[in-house]
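Here the structure comes first, spelled out in structure tokens, and everything after it is commentary.
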Amino acid sequence: MELLRTGDMQGLEALISERPGVVRHLLGRLWDEDPSVRSRTAAAVGIAAAHHHELGLELMRRFVWALNDESATNG
59 MELLRTGDMQ
69 GLEALISERP
79 GVVRHLLGRL
89 WDEDPSVRSR
99 TAAAVGIAAA
109 HHHELGLELM
119 RRFVWALNDE
129 SATNG
């Protein structure tokens, strides 16, 4: 979280490339109160998808499912 707040995208990218599981913690930050954190989180999710292609496909499946009206995830 500190990397998102400070805007250390290089540090975040290094962390994501070493530990792809970090992305599950990032997903919750997409709804953070701070617009800068939300923006950096979205970029970090894109970085994760670029570094780990299978993870990127899984993330897209989740996002599309969340957009589905029948998924009960629409607030």
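As numbered in this note's numbering, residues 59 to 133 make up the sequence shown, in order. For every residue, glycine included, the Cβ atom is placed at its ideal position computed from N, Cα and C.
Where V95 is concerned, the enclosing alpha helix (DSSP H) starts and stops at 93-109. Scanning its chain for C-beta atoms nearer than 6 Å, with the 5 sequence neighbours on each side dropped, one finds around I105 the residues E71, I74, in chain order. Taking C-alpha positions only, L117 is separated from S97 by approximately 17 Å.
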